[in-house]
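The structure appears right after this line, and notes come after that.
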Amino acid sequence: MKSILFYSFKGGVGRTQALLNIAKYLATESEEKKKILIVDFDIYAPGITYLANFGKDENEEYLISFLLSIFSGKQSKLYTERYSENITIVPAYNINVVRSYNAKLSELSQYLYSLKTAADERSENINTIADIVFKYIIESINRLEEKYDYVFFDARTGITEVSDILFSNFLDLKVLISSFNKQNIQGTNDILELLSLQKGPKHKILRILSPKPLDAKRELYKEISSQANLELTEKERQLKKEFDWVGTYNISYEKEIVTNDVDAWEILDDSSQYRKNIVTIANTIIDTFEGNKRIEDIIGSDENKMNTDLDKILQRFNND
Amino acid sequence: MIKNQAYKVFLDSLGIENIIEWHFPLSQHKLFDEKTNDFLNSLASSFFDANDKRKLYSQIINNNFSENTIFRISLLMEEEYSKVREKYPINKVLIEKLVKYLIDWILVVNNKLTESHIEQTLKNIQTRNQSFWFFFIKELYDRGYNKESLLIISQKKELFKENYLLEDVVLKEIECIRKNDNYLYDQKLLNRLCLLSKDIKNYRYTLIILDLECALLSKDKDRFENYYYQYFNEIVDFDILETLNIFELTILANSEKTYNETKVLLHKNDIELYKDYYEFKIYTMLEYLHDKTWEKVDQLKIELEDEYQYDFKHIK
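In structure tokens form, the structure reads like this:
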């Protein structure tokens, strides 16, 4: 199972939508259908959570309760809810019970300061408490009955304690989404600078610019695109070397996505530029983690065949 | 010409014409029979990544594959051409990947990439597709093959006349020249560099630095100051490192006026807040440079080496 963070420095860039639609493509349309778990880590402004129906029991271990259990040293099991055949979600909390949700957030906040300071130690320490919490979450997901190919974390915006957990070097891929303006790009570049200071395995980064206006004059966005791809100044170029850089991709503006957020993917046809962008990014993710298995199969079967042929020759030689 | 029909159809769909056989990087290619050569040509341009290509190449040159396996891999390669069109439904993304895989192939076969490989590439690939050549230049530049990238730029730049990609090509040309350790002592390169600013419009930082740098190199202080004030409204928005780069040029140009203006900008940008970081060390080093305290400049240059690769080419 590979862990993928979807993060944006500022909101309103279509992050959750991109995450959901990439998940839908991988779960239903990719060559090998993938099993995806989506964890709503945007605990202060959940989005994915609204897709959940929720059980009757208020005491289920939604993400916030689960995190509280970790901090109080109790064993607990993540609450999951099936969204579609191959997509399962972990809601942040039962947001229908808003007073309880608010109380749980307050309860959680007492632990977050120490988490923030722990994450700050990443420039010195390869395994901070924040990383241990992240690893515990992954272990807990691995202990669930259903096995997943990918776990997608929808993260909170800005520099916060909760997003810090997911900035762990042990997370497999960080998808950073920003819109086509300098504020957004600079903020995300600052996050990259902070990430570059952390000790541990190199961060794998896939950068997305979203949403790209359909009638955009290419010239207008040149400088911004180059800045996002960390190639404009010497500082950016040096920063880029600190990462395992998967690439920088655009997502176009799509009216259907803005006006019909949850079900829009299903009504987009092949000519939609937004759809083409999502398909490209989803397949880039697969290609980043999965080599061409069919080559392995062919080479493997050839080696087996060669061994069998060799056995036959040896047998004949012995018989003779 | 290309014998593999699936590959030809694929290239046609991308608007890439006139790619001829790709066997040239194989120094040993004449040792193989025609069938194997055809297979290697297809493998070279296949959408398999460098690891898979390396594995397959080493098996085939050691005659480790049965005919059946070669046939199955050939089929797989053909299938991949139609499959990648579904996986990556954007032509530019596909062309970028195609170029990346072609460059991987040169490295798989030769373990290195030199100007002679690029000369062969230019001879063998005659396409006028601008995206193809743009990504070739970009990919070489990203991998640090600056001389090789410049070689392609010299020959293919004319394709980009009137094209929006022209200034992106020029941007790479500027960076490749600047990466050459001796560019400040090579008059031909300097002339080439200083002619490039006319093609830069949207990359404002690059344009401003280039104009100031060329005025400095021509020892024309008036021109330097004219440029400085012409661009001043943009310079005030530069970040701290960009402003430090301007600061260095004002010092080297012996322009007290612009030095003082830039110093004010650095303080407005809270240079003091960077006290524990390399930005402040660069600032201090540049102040010593201004005061001609060479010993301190050298000392800070050494200290900076570990923290930030500052470009010291102008500061001997």
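Quick mapping for you: the protein sequence lines, in order, are chains R and X. The numbering of the first sequence is the numbering used here, which starts it at 1 and goes up by one. The numbering of the second sequence is the numbering used here, which starts it at 321 and goes up by one. For glycine and all other residues, C-beta sits at the position ideal for the given N, C-alpha and C. Note that the coordinates shown come from a computational prediction; the quantities given were computed from them, not determined experimentally.
query: Entirely within the stretch 62 to 142 of chain R and at least 3 residues each: give me those beta strand (DSSP E) ranges in chain order.; result: 81 to 84, 87 to 90
query: Would you say I143 (chain R) lies against chain X (beta-carbon separation less than 8 Å)?; result: In the sequence as displayed, the identity of residue 143 (chain R) is Arg instead of Ile. With 8 Å as the cut-off, R143 (chain R) does not count as an interface residue toward chain X.
query: When you check each C-beta in the stretch 362 to 382 of chain X against every C-beta of chain R, which residues fall closer than 8 Å?; result: F368, D369, N371, D372, K375, L376, Q379
query: Give me the chain X residues within the contact set of I298 (chain R), using Cβ-Cβ distance strictly less than 8 Å, ordered along the chain.; result: T389, R392, I393, L396
query: Across the stretch 202 to 209 of chain R and the stretch 240 to 252 of chain R, are there enough close Cβ pairs to call them in contact, namely three or more that are closer than 8 Å?; result: yes
query: Taking CB distances under 8 Å as the criterion, tell me whether V279 (chain R) reaches chain X.; result: yes
query: So, is E31 (chain R) buried or exposed, given that buried needs 16 or more other C-beta atoms within 10 angstroms?; result: exposed
query: Going straight from the alpha carbon of Q550 (chain X) to that of S333 (chain X), what length do you get?; result: 47 Å
query: Can you tell me the Cα-Cα spacing of N125 (chain R) and E625 (chain X), whole angstroms?; result: 23 Å
query: Sorted by chain position, which residues of the same chain lie with C-beta nearer than 8 Å to N181 (chain R)'s C-beta, five sequence neighbours on each side aside?; result: I224
query: What are the boundary residues of the alpha helix (DSSP H) that includes Y150 (chain R)?; result: Per DSSP, Y150 (chain R) belongs to no alpha helix (DSSP H); it is in the beta strand (DSSP E), 150 to 154.
query: Are the CB atoms of K104 (chain R) and I64 (chain R) nearer to each other than 8 Å?; result: yes
query: Identify every residue that forms a DSSP beta bridge with S252 (chain R).; result: R:K212
query: Applying the criterion that 16 or more other CB atoms from any shown protein chain within 10 Å of the CB defines a buried residue, is K492 (chain X) buried or exposed?; result: buried
query: Out of curiosity, what's the CA-to-CA distance linking E61 (chain R) and Y79 (chain R)?; result: 5 Å
query: Counting only beta-carbon separations shorter than 8 Å, does Y608 (chain X) have a partner in chain R?; result: no
query: Count the C-beta pairs between the stretch 389 to 408 of chain X and the stretch 445 to 465 of chain X that are closer than 8 Å, then say yes if the count reaches three, no if not.; result: no
query: Should H610 (chain X) and Y579 (chain X) be called a contact, given that it needs their Cβ atoms to be closer than 8 Å?; result: yes
query: Using a Cβ-Cβ cut-off of less than 7 Å, give me the residues of the stretch 543 to 574 of chain X that come near chain R, in sequence order.; result: L561, E562
query: Using DSSP with H/G/I as helix, E/B as strand and the rest coil, what is D631 (chain X)?; result: coil
query: Terminal residues of the continuous alpha helix (DSSP H) containing V175 (chain R)?; result: No alpha helix (DSSP H) holds V175 (chain R); the beta strand (DSSP E) holding it covers 173 to 178.
query: By DSSP, does R218 (chain R) sit in helix, in strand, or in coil?; result: helix
query: Can you tell me where the alpha helix (DSSP H) with D424 (chain X) in it begins and where it stops?; result: 411 to 430
query: Is the separation between the beta-carbon of A155 (chain R) and that of Y249 (chain R) shorter than 8 Å?; result: no
query: With 16 as the cutoff for other CB atoms within 10 Å, does W453 (chain X) come out buried or exposed?; result: buried
query: Within 10 angstroms of the Cβ of H587 (chain X), are there 16 or more other Cβ atoms? Answer buried if so, exposed if not.; result: exposed
query: Closer than 8 Å by beta-carbon distance: list the chain R residues that pair up with D631 (chain X), in chain order.; result: E234
query: Can you tell me whether K601 (chain X) is buried or exposed? The criterion is at least 16 other CB atoms within 10 Å of its CB, across all chains shown.; result: buried
query: Determine, for R524 (chain X), whether the minimum Cβ-Cβ distance to residues of chain R falls below 8 Å.; result: yes
query: Does the structure place the stretch 181 to 191 of chain R close enough to the stretch 110 to 125 of chain R that three or more beta carbon pairs sit under 8 Å?; result: no
query: Quick check on P211 (chain R): buried or exposed, where buried means 16 or more other Cβ atoms within 10 Å of its Cβ?; result: buried
query: If you count every other CB in all the chains shown that lies within 10 Å of the CB of E416 (chain X), and 16 or more means buried, which is it?; result: buried
query: Mapping DSSP to helix, strand and coil, what is F6 (chain R)?; result: strand
query: Which residues does DSSP list as the beta-bridge partners of K204 (chain R)?; result: R:D244
query: Using the beta-carbon of each residue, which ones in chain X are nearer than 9 Å to E323 (chain R)?; result: Residue coverage of chain R in this structure runs from 1 to 320, which leaves residue 323 (chain R) outside it and unanswerable.
query: In the structure shown, what three-state DSSP assignment does L620 (chain X) receive?; result: helix
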